[in-house]
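**Q** Have a look at this one before I ask anything.
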Amino acid sequence: MTHYESYPRRDWLRLLLALPPQKVMEAARELTERCRVDDQALPQSGLALLQLRDGALAEPYFIGEIPLSRAHVTVVDDRGEKGEGAAQILDDRASLARAMAILDAVLANKLNGRENIEILLEEGARRLLRDEASRGVILKRTRVDFSLLDATGEDNEI
Amino acid sequence: MGYVAIKGGGVAIKGSLEALEALRAAEGEQGVPLSLSAIENQLRLLTSRIVSEGGLYHPRLAALAIKQMQGDTLEAAFALRAYRSTKPRLMSTPVQETSRMRVIRRISSAFKDIPGGQMLGPTYDYALRLMQIDLADESPEVFREIAAKFMADTPGDALPETFPKVVEALRKDGLLPEAPAHDIEPFDITREPLIFPIPRSAVLASMARAETGSLLALAYSNMRGYGDVHPTIAELRVGYLPVLLPHPVTGEAIEAGEVLITECEVVAMYESDDNKGKPLFTLGYGACFGHNETKAISMAVLDRALQKGMKEGPTNPSEDPEFVVLHVDGVDSMGFANHYKMPHYVTFQSDMDRLRTTQAKAEQKRGNKK
Amino acid sequence: MNTDLNSKALASVWAPAAQQLSFRKLMTAFSFPGRIEAMTPEIPNKDFTVLRMILATLTDGEVTVADPHHMIDDHDWSKLETNRETPEKARFIVARGDIAPMFSPGLGSLECPEMGATIILRVEHLGRGEPLVLRGPGIQSVKEVACSGLGAAWLGKRQEWNGAFPMGVDMILFDASRVIALPRTTRITTKEGKSWDM
Numbered sequence: 014m015t016h017y018e019s020y021p022r023r024d025w026l027r028l029l030l031a032l033p034p035q036k037v038m039e040a041a042r043e044l045t046e047r048c049r050v051d052d053q054a055l056p057q058s059g060l061a062l063l064q065l066r067d068g069a070l071a072e073p074y075f076i077g078e079i080p081l082s083r084a085h086v087t088v089v090d091d092r093g094e095k096g097e098g099a100a101q102i103l104d105d106r107a108s109l110a111r112a113m114a115i116l117d118a119v120l121a122n123k124l125n126g127r128e129n130i131e132i133l134l135e136e137g138a139r140r141l142l143r144d145e146a147s148r149g150v151i152l153k154r155t156r157v158d159f160s161l162l163d164a165t166g167e168d169n170e171i
Numbered sequence: 008m009g010y011v012a013i014k015g016g017g018v019a020i021k022g023s024l025e026a027l028e029a030l031r032a033a034e035g036e037q038g039v040p041l042s043l044s045a046i047e048n049q050l051r052l053l054t055s056r057i058v059s060e061g062g063l064y065h066p067r068l069a070a071l072a073i074k075q076m077q078g079d080t081l082e083a084a085f086a087l088r089a090y091r092s093t094k095p096r097l098m099s100t101p102v103q104e105t106s107r108m109r110v111i112r113r114i115s116s117a118f119k120d121i122p123g124g125q126m127l128g129p130t131y132d133y134a135l136r137l138m139q140i141d142l143a144d145e146s147p148e149v150f151r152e153i154a155a156k157f158m159a160d161t162p163g164d165a166l167p168e169t170f171p172k173v174v175e176a177l178r179k180d181g182l183l184p185e186a187p188a189h190d191i192e193p194f195d196i197t198r199e200p201l202i203f204p205i206p207r208s209a210v211l212a213s214m215a216r217a218e219t220g221s222l223l224a225l226a227y228s229n230m231r232g233y234g235d236v237h238p239t240i241a242e243l244r245v246g247y248l249p250v251l252l253p254h255p256v257t258g259e260a261i262e263a264g265e266v267l268i269t270e271c272e273v274v275a276m277y278e279s280d281d282n283k284g285k286p287l288f289t290l291g292y293g294a295c296f297g298h299n300e301t302k303a304i305s306m307a308v309l310d311r312a313l314q315k316g317m318k319e320g321p322t323n324p325s326e327d328p329e330f331v332v333l334h335v336d337g338v339d340s341m342g343f344a345n346h347y348k349m350p351h352y353v354t355f356q357s358d359m360d361r362l363r364t365t366q367a368k369a370e371q372k373r374g375n376k377k
Numbered sequence: 028m029n030t031d032l033n034s035k036a037l038a039s040v041w042a043p044a045a046q047q048l049s050f051r052k053l054m055t056a057f058s059f060p061g062r063i064e065a066m067t068p069e070i071p072n073k074d075f076t077v078l079r080m081i082l083a084t085l086t087d088g089e090v091t092v093a094d095p096h097h098m099i100d101d102h103d104w105s106k107l108e109t110n111r112e113t114p115e116k117a118r119f120i121v122a123r124g125d126i127a128p129m130f131s132p133g134l135g136s137l138e139c140p141e142m143g144a145t146i147i148l149r150v151e152h153l154g155r156g157e158p159l160v161l162r163g164p165g166i167q168s169v170k171e172v173a174c175s176g177l178g179a180a181w182l183g184k185r186q187e188w189n190g191a192f193p194m195g196v197d198m199i200l201f202d203a204s205r206v207i208a209l210p211r212t213t214r215i216t217t218k219e220g221k222s223w224d225m
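Chains as they are written, first to last, in the numbering used here: chain A, 14 to 171; chain B, 8 to 377; chain C, 28 to 225.
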């Protein structure tokens, strides 16, 4: 079993987002039974403007809006250890963002209960690998081999 | 007719909503309600269109809008726009680099050998447009195995997920002008009214959520001769762009999710720059939510046409920012076209009165001449 | 929606349902200037103060708020997620009615008169004290409303700020449980006839 430290914090959300939301909510709920969770800000569900840079003149522009939910919490575990966590996700469920913020706090601050979250990260990693593999299959199966075109080029006499 | 009654439609309106529902469920005993997942997956490209025309990347809600509006794309986009207007604005993201896109399709028609190669991805470009009659009676068992069969055992090494942008290679070769990164605050079309002249970021944002057919028609007019953009595609890519946001506690860039995007750069004619420097190719750019290549290509052609129009003055409608930007939004245009059906009885009454008065005067004039 | 959810929603000023009710009351107050609206929630909750309710309802990340008299605590600032600004530039200014104003609020412009500030002013008691006589849009001929804890300086300044209509400021006066609104279109005099408007 790989240690959770092999997943950097910047990937945690991505791994958790690959899981069915109920699993994440359940994990957070279990933690709140043994920890105290204080909201540092109101969990929000709203929209964000997505900013890109155009490929022609490199000017920034807004291509449209994305759903965004975010939460910021402080968790105190049953040993009295304390830590901050937060999550911003492309989702319209503030409750899901709050659940992920709790998991972020527990993992980042090595609070009690992190073992279950490590298991979730691994499961998320497995699912992501499957998604990546299926996208990879699309690329591999549709890759154009121009060498064949060049090889037969001279024979094309009409 | 004296007083023209305009009240009293309440019962009829209620009835019309019920009539809509009755038609939606006309299959009766044989009917099976459409699942949102079926719409999102099996009508993938329709969902993509609504996601981009609605201006909100929420494929599940776009599928719901399609279901609710019985497939009317203009109404579905409208529903998604109405939904987004009820949500609070939390932030603008930092600039996301599309070179980080996890591509599923990446082609160039201008350049054969691009770094990383060309991958056709899922496309109808080469498909025969013959009706597949056997799709009419599709076996659920066979259907369920298609995806797994495709994914099974594909030999060869894994390809990378991301590829450099073709235009970057062109810039390095000196074929394209340098594009220093600007840091001007982009225009927010959801908050500020368009008062011309507008900056290019407002044009790009407006076109990104414009109605596909409207953009296509105007771009086509330019291609056919009401303009002189002869585009070759430098790169067309379709893929999933990771959205990176700073962590509220640590500030570190964290992936918050991914967005399916179509992005296109077209090479147009070359021109000398103002300082009589060496001639260079010029580019047009188009990008939108979802998988919609016709829209991205049309946008890129129009972007190039409008760049010319904004610099030298328009010589064709597709080069005129006011003409293009104000007529391509689907919600604006369909709303106006359809508002004519709303009661205009009082206005029209006064038109009729004026006509009768004019007729009477003309009659009198004729009478006087005799 | 079952009644349990309903009561939970009303129990906090931060809940959308509570803010919707509060918004409607504020809108009614502006529509009928001088009409006293009760802001207290139907189900008591420890978080409630009228100021907190007003701010939670009217402010968010897209507006700016000035707090020259330090009436908003840090905990509320973090929950409001709004933007702090000086009184000269803010869209909303929270202030005490018993301290004479030492700032010049934004009055908007001829093109955008709506950018004039909304001043949220704490008074001691609405319905007791000096009667204000109000006339103008939303008032059938005349409306009298008593108010204590509103310094005369405020009414004088208001006259100055609103002198170039349509530019000017709008006001919400609040006490421990109620509000009234004084949009810039309302003309104010006292019972003795002293006028703060033309």
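Cβ coordinates follow ideal geometry from the N, Cα and C atoms, glycine included.
Model, not experiment: these values are computed from the prediction.
Rounded to a whole number of angstroms, what is the C-alpha to C-alpha distance between B:V266 and C:A56?
**A** So the alpha carbons of these two residues sit roughly 44 Å apart.
**Q** By DSSP, does B:I196 sit in helix, in strand, or in coil?
**A** Coil.
**Q** Which first and last residues belong to the alpha helix (DSSP H) in which C:T212 is found?
**A** Where C:T212 is concerned, there is no enclosing alpha helix (DSSP H), given that its DSSP letter is neither H nor E.
**Q** Leaving aside the five residues before and after B:I191 along the sequence, list all residues of the same chain whose C-beta is less than 8 Å from its C-beta, in chain order.
**A** So the list reads P206, S208, once near-sequence residues are dropped.
**Q** Just how far apart, CA to CA, sit B:C271 and B:T365?
**A** Their Cα atoms are separated by approximately 57 Å.
**Q** Can you list the beta strand (DSSP E) stretches of 3 or more residues lying completely in the segment 91-118 of chain A, in chain order?
**A** With a minimum length of 3 residues, the continuous beta strand (DSSP E) runs that stay inside the segment 91-118 of chain A are 95-102.
**Q** Taking just the CA atoms, how far does C:G156 sit from A:L81?
**A** Spanning the two alpha carbons is a distance of roughly 49 Å.
**Q** Using alpha carbons as the reference points, say which of B:R231, B:A69, B:H189 lies closest to B:L53.
**A** Considering only alpha carbons, the answer is B:A69.
**Q** Looking at chain A, is there any beta carbon in it that lies within less than 8 Å of the beta carbon of B:E270?
**A** Closer than 8 Å to some Cβ of chain A, the Cβ of B:E270 qualifies, so yes.
**Q** Tell me the residue span of the beta strand (DSSP E) that contains C:I147.
**A** Segment 145-149, the beta strand (DSSP E) holding C:I147.
**Q** Is any heavy atom in the ligand FMN found nearer than 7 Å to the beta carbon of B:G16?
**A** With respect to the ligand FMN, the structure offers nothing, as it holds no ligand at all.
**Q** Beta-carbon of A:A69 versus every beta-carbon of chain B: anything under 8 Å?
**A** For A:A69, the answer is yes, since a Cβ of chain B falls inside 8 Å of its Cβ.
**Q** Output the distance between the C-alpha atoms of C:S39 and C:E64, rounded to the nearest integer angstrom.
**A** Rounded to whole angstroms, C:S39 to C:E64 spans 19 Å at the Cα level.
**Q** Can you pull the chain C residues whose beta carbon is under 7 Å from the beta carbon of A:A54, in chain order?
**A** What A:A54 touches in chain C: S105, K106, E108.
**Q** How would you list, in chain order, the residues of chain B whose beta-carbon sits under 8 Å from the beta-carbon of A:R243?
**A** The requested residue 243 of chain A does not occur in the structure, where chain A is confined to residues 14 to 171.
**Q** Determine whether the Cβ of B:D327 lies closer than 8 Å to any Cβ atom of chain A.
**A** Taking Cβ atoms only, chain A never reaches closer than 8 Å to B:D327, which makes this a no.
**Q** On the DSSP bridge assignment, give the partners of A:P80 in chain order.
**A** In DSSP, A:P80 forms a bridge with A:L60.
**Q** List, in order along the chain, the chain A residues whose C-beta lies closer than 7 Å to that of C:W41?
**A** Near C:W41 (Cβ distances below 7 Å), the residues of chain A are L55.
**Q** Answer yes or no: do C:T26 and C:V77 have a C-beta to C-beta separation smaller than 8 Å?
**A** No information on residue 26 of chain C is available, as it lies outside the stretch 28 to 225 that chain C covers here.
**Q** Using a Cβ-Cβ cut-off of 6 Å (strictly less than) and excluding sequence neighbours within five positions of B:G316, which residues of its own chain qualify?
**A** E326, D327.
**Q** Grouping DSSP H, G and I as helix and E and B as strand, with all else coil, what is A:F159?
**A** A:F159: helix per DSSP, three-state reduction.
**Q** If we define contact as Cβ-Cβ less than 8 Å, is B:F118 a contact residue for chain A?
**A** It does not; no Cβ of chain A falls within 8 Å.
**Q** How about A:A138 and A:D117: do their beta carbons lie closer than 8 Å?
**A** Contact: no.
**Q** Out of C:Q47, C:W181, C:V196, C:K116, which has the shortest C-alpha to C-alpha gap to B:T93?
**A** If we check each option's Cα against that of B:T93, C:Q47 comes out closest.
**Q** Using the beta-carbon of each residue, which ones in chain B are nearer than 7 Å to C:D74?
**A** Residues of chain B passing the Cβ test: none, with the nearest at roughly 20 Å.
**Q** Which first and last residues belong to the beta strand (DSSP E) in which C:M198 is found?
**A** Here the beta strand (DSSP E) through C:M198 covers 197-201.
**Q** CA-CA distance, C:L177 and C:K218?
**A** Cα to Cα, the separation comes out at about 15 Å.
**Q** Going by beta carbon distance, what residues of the same chain come within less than 8 Å of C:G135, once the five residues before and after it are set aside?
**A** So the qualifying residues of the chain are E141, M142, G143, P193, M194, G195.
**Q** Residues of chain B with CB closer than 8 Å to the CB of C:G88, please, in chain order.
**A** Under the 8 Å cutoff, chain B gives P95, R96, L97, M98.
**Q** Which two residues bound the contiguous beta strand (DSSP E) that contains C:E157?
**A** Note, C:E157: beta strand (DSSP E), 152-162.
**Q** Are the CB atoms of A:I102 and B:G264 within a distance shorter than 8 Å?
**A** Yes. Within cutoff.
**Q** CB-CB under 8 Å to B:T169, same chain, minus the five flanking residues each way: which ones, in chain order?
**A** Around B:T169: S106, R107, M108, R109, V110.
**Q** Pull up the distance between the alpha-carbon of C:W41 and that of C:R79, whole angstroms please.
**A** If you take the alpha carbons of C:W41 and C:R79, they lie about 9 Å apart.
**Q** Can you have a look at B:K119 and say buried or exposed, based on whether 16 or more other CB atoms are within 10 angstroms of its CB?
**A** The residue is exposed, with fewer than 16 neighbouring Cβ atoms inside 10 Å.
**Q** Please list the terminal residues of the continuous alpha helix (DSSP H) segment that includes B:Y352.
**A** Note, B:Y352: alpha helix (DSSP H), 352-376.
**Q** Along chain B, which residues have their Cβ under 9 Å away from the Cβ of A:D104?
**A** Chain B residues near A:D104: A263, G264.
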